[in-house]
Each structure stands twice: as structure tokens, then as C-alpha cells.
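Peer 1: Here's a structure for you.
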Amino acid sequence: VVGTFGGDPMGGGNTAALGLFCLLVMLLKLSEFRHGVVSRLNMILHIVAAFILCVLGEVKFVILLAPILLIFVWLCPSYVYGVR
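Dropping the structure here:
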């Protein structure tokens with residue numbers, strides 16, 4: 001994972017980029033599920049996998065912000081209609 005996000009194997013990785021990417025994946029999958037594009041299993045697997053990556057990488061801001069932003073995405077009115 002270190003090389004994927006522009007890190008140095010000897011000096012550490014860019015976990016901030018990993019955290020933002022995982023947070024984006026979680027929010028997109030929840031939005032796709034809300035619009036009926038993906039199944040519940042697909043959404044759950046992606047959110048759990050992204051959250052586990054953030055826990056293993058110790059990305060604390062994602063661990064704290066993810067529940068708040070997931071609730072925000074779920075409760076916000078959608079301006080996209082007819083997406084299937």
C-alpha cells in the first residue's frame with residue numbers, strides 16, 4: 001500500500017491519501033446503494049474493507065469522521081433522480 005499512495009518503503013507511507021481514498025470509497029458506495037445502483041452486500045463489503053484499511057493504517061481522522069459523514073450522506077436530500 002505504501003507505494004500505491006506515493007510513500008517511501010524506508011520512510012513510511014502517505015496514509016493521509018489512503019485515508020481520503022478509503023473515505024471517498026465509503027461515501028460513494030453508500031450513495032450508490034441509496035440510489036439502487038449496487039446491492040447491500042456490495043456496499044457492506046466495500047465499507048468494511050475500507051474501514052479495516054483505515055484501522056490497520058491508523059488513520060485516525062477517517063475513523064472519527066467516517067460515521068459522521070456516512071450519516072450526512074444518508075440523510076441529505078439527493079439531487080440526482082432516475083439513476084439506475
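The sequence shown begins at 1 in this note's numbering and counts up by one.
The beta-carbon is built from N, C-alpha and C at its ideal position, and this holds for glycine as well.
Which term fits Gly57, buried or exposed, when burial requires 16 or more other beta carbons within 10 angstroms of its beta carbon?
Peer 2: Per the 10 Å Cβ criterion, buried.
Peer 1: Can you give me the start and stop residues for the alpha helix (DSSP H) that Gly19 sits inside?
Peer 2: Note, Gly19: alpha helix (DSSP H), Thr15 to Arg34.
Peer 1: How should Gly19 be labelled, buried or exposed, when 16 other C-beta atoms within 10 angstroms of its C-beta is the threshold for buried?
Peer 2: Buried is the call here.
Peer 1: What residue from Cys54, Thr15, Ala17 and Ala50 has the CA that sits closest to Met85's CA?
Peer 2: No information on residue 85 is available, as it lies outside the stretch 1 to 84 that the chain covers here.
Peer 1: Which same chain residues end up closer than 7 Å to Phe61 when comparing Cβ atoms and leaving out the 5 residues on each side of it in sequence?
Peer 2: Same-chain partners within the cutoff: Gly19.
Peer 1: Per DSSP, which one or two residues make a beta bridge with Gly12?
Peer 2: For Gly12, which the question treats as bridged, DSSP gives the partners Asp8.
Peer 1: Is the separation between the beta-carbon of Cys54 and that of Ile68 shorter than 7 Å?
Peer 2: Result no, Cβ atoms of Cys54 and Ile68 do not sit closer than 7 Å.
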